[in-house]
Amino acid sequence: MPELPEVETVRRGLEGPLVGRRLARVEQRRADLRWPFPEGFQARLLDRRIIALDRRAKFLLARLDDGMVWMIHLGMSGRMFLQPRPAPAPGRHDHVIVETDRGDTVTFQDHRRFGMMDLVAESALARHSMLRELGPEPLGNGFNETVLSARLKHRRTPIKSALLDQRTVAGLGNIYVSEALYRAGISPRRLAHSVAGRRAERLVPAIRQVLQDAIRAGGSSLRDYVQASGELGYFQHEFQVYDREGQACRRCGAPIRRIVQSGRASYYCGGCQR
DNA sequence: CGCGCTCCCTGGCCGC
DNA sequence: TGCGGCCAGGGAGCGC
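Our numbering applies: residue 9 is where the first sequence begins, and numbers increase by one.
Here is the structure:
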């Protein structure tokens, strides 16, 4: 899926076509994604005007003119993109299609259906079960070495797992955790509590920089992800460790290792990361 | 409570 | 070429 940089790229790409626009047509093509759509989803979106398109962690938040927020999560394989004109007939995995009063068509496509959508009152947003426990935005002011250390200090799990946990810091996923740990010179196997302090001082800028670099590149295009415009991001060409098992570390030449932690692959250089 | 494993789903790829 | 097994960017829910 889309991790923070991919979601942010989609947000930027859709902001122009969607913000200020009224949803003149809404087509919900199945009853559920990961979970059922909220009651009356299609009718409640229809004719609403989108007043802002924001992002929190990996969620897109479309603010509507009736005080509701259209929450969108892309899961592992979700895409949200602007269609060319005229829009082609919907495909098998095109689950939600909206058309604005300017005639732009935006499609939500998700072949694995791990994504989700919800409609929630702005006033209740912070209490939503999927948002309520999220940690700080890594690119925001609330994320620094003190905050990260406090969140790692009591954790007995490997740092890799702690960073995938959205309560620690919100928006990292499997790719950018591996890449950030490489940049910080920290082994994914190191226990989280031992990263609190000096190592967290390296990790914070490593996380910020890898996310910023990826956003600048338009995200990473692997199997599924495309930008809102349909263009490919190119950060995958800058991966130092992710999906590079057996290839030489670009810094020290040692072969990149792949291990499995909490059921997910981790990639790292045994020479550069301790 | 905190942690790790399994599962949800479809499709691509690899080896036989 | 066909088929089975494995793997994939996420996260909830369960058992230990």
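Yeah, the Cβ is synthetic: ideal placement off N, Cα and C, and Gly gets one too. Because the structure is a prediction, the values reported are computed rather than measured.
TODO: Using a threshold of 8 Å, state whether the C-beta atoms of residue 243 and residue 214 are closer than that.
DONE: no
TODO: Helix, strand or coil for residue 203, going by three-state DSSP, please let me know.
DONE: coil
Task: Straight-line Cα distance separating residue 59 from residue 73 - done: 6 Å
TODO: Determine the burial state of residue 47: buried for a count of at least 16 other Cβ atoms within 10 Å of its Cβ, exposed for fewer.
DONE: Exposed: under 16 other Cβ atoms inside 10 Å.
TODO: Let me know the secondary structure DSSP gives residue 176 once reduced to three states.
DONE: If DSSP states are grouped into helix, strand and coil, residue 176 belongs with coil.
- [ ] Have a look at residue 76 and residue 20 and give me their C-alpha separation to the nearest angstrom.
- [x] 21 Å
Open item on the list: Short of 6 Å in beta carbon distance, which residues of its chain neighbour residue 26, apart from the five on each side in sequence? Order them along the chain.
Closed with: 58, 61
Open item on the list: With distance defined between alpha-carbon atoms, name the residue in 109, 56, 124 nearest to residue 88.
Closed with: 124
Open item on the list: Beta-carbon within less than 7 Å of residue 203's beta-carbon, same chain only, minus the 5 sequence neighbours each way: which residues are those?
Closed with: 160, 167, 194, 211
Open item on the list: Given a cut-off of 8 Å on the beta-carbon distance, is the pair residue 143 and residue 178 in contact?
Closed with: yes
Task: CA nearest to the CA of residue 216, picked from 239, 282, 180 - done: By alpha-carbon distance to residue 216, the top candidate from 239, 282, 180 is 180.
Task: Which residues DSSP lists as bridging residue 274, in chain order - done: 267
Task: residue 249: first and last residue of the uninterrupted alpha helix (DSSP H) it sits in - done: Per DSSP, residue 249 lies in no alpha helix (DSSP H) segment and is marked neither H nor E.
Open item on the list: Classify residue 169: buried if its beta carbon has 16 or more other beta carbons within 10 angstroms, exposed otherwise.
Closed with: buried
Open item on the list: If distances are taken between C-alpha atoms only, which option among 262, 81, 55 comes closest to residue 66?
Closed with: 81
- [ ] Keeping to the same chain, check which residues put their C-beta closer than 6 Å to that of residue 37; ignore five residues upstream and five downstream.
- [x] Sequence-distant partners of residue 37 (beyond 5 residues in either direction) whose C-beta falls short of 6 Å from its own C-beta, in its chain, are 103.
Task: Beta-carbon spacing of residue 85, residue 120 below 8 Å - done: The answer is yes: Cβ separation under 8 Å.
TODO: Note down, in chain order, each residue of its chain lying with its Cβ closer than 6 Å to the Cβ of residue 271, except the 5 sequence neighbours on either side.
DONE: none
TODO: Could you check the C-alpha separation between residue 282 and residue 256 for me, to the nearest Å?
DONE: Residue 282 and residue 256: Cα-Cα distance of roughly 17 Å.
Task: In chain order, each beta strand (DSSP E) run of at least 3 residues that lies wholly inside the stretch 104-131 - done: The stretch 104-131 contains, as complete beta strand (DSSP E) runs of 3+ residues, the segments 113-118, 124-129 (chain order).
Task: Boundaries (first-last residue) of the alpha helix (DSSP H) holding residue 22 - done: Unbroken alpha helix (DSSP H) run through residue 22: 12-26.
TODO: Can you grab the Cα-Cα spacing for the pair residue 90 / residue 117, in whole Å?
DONE: Within the model, the alpha-carbon separation for residue 90 versus residue 117 is close to 11 Å.
Open item on the list: Please tell me whether, using a cut-off of 7 Å, the distance from the CB of residue 161 to the nearest non-hydrogen atom of the ligand ZN is below it.
Closed with: What this structure holds is no ligand at all, so the ligand ZN is not there to describe.
TODO: Assign residue 260 to one of two classes, buried (16 or more other C-beta atoms within 10 Å of its C-beta) or exposed (fewer than that).
DONE: exposed
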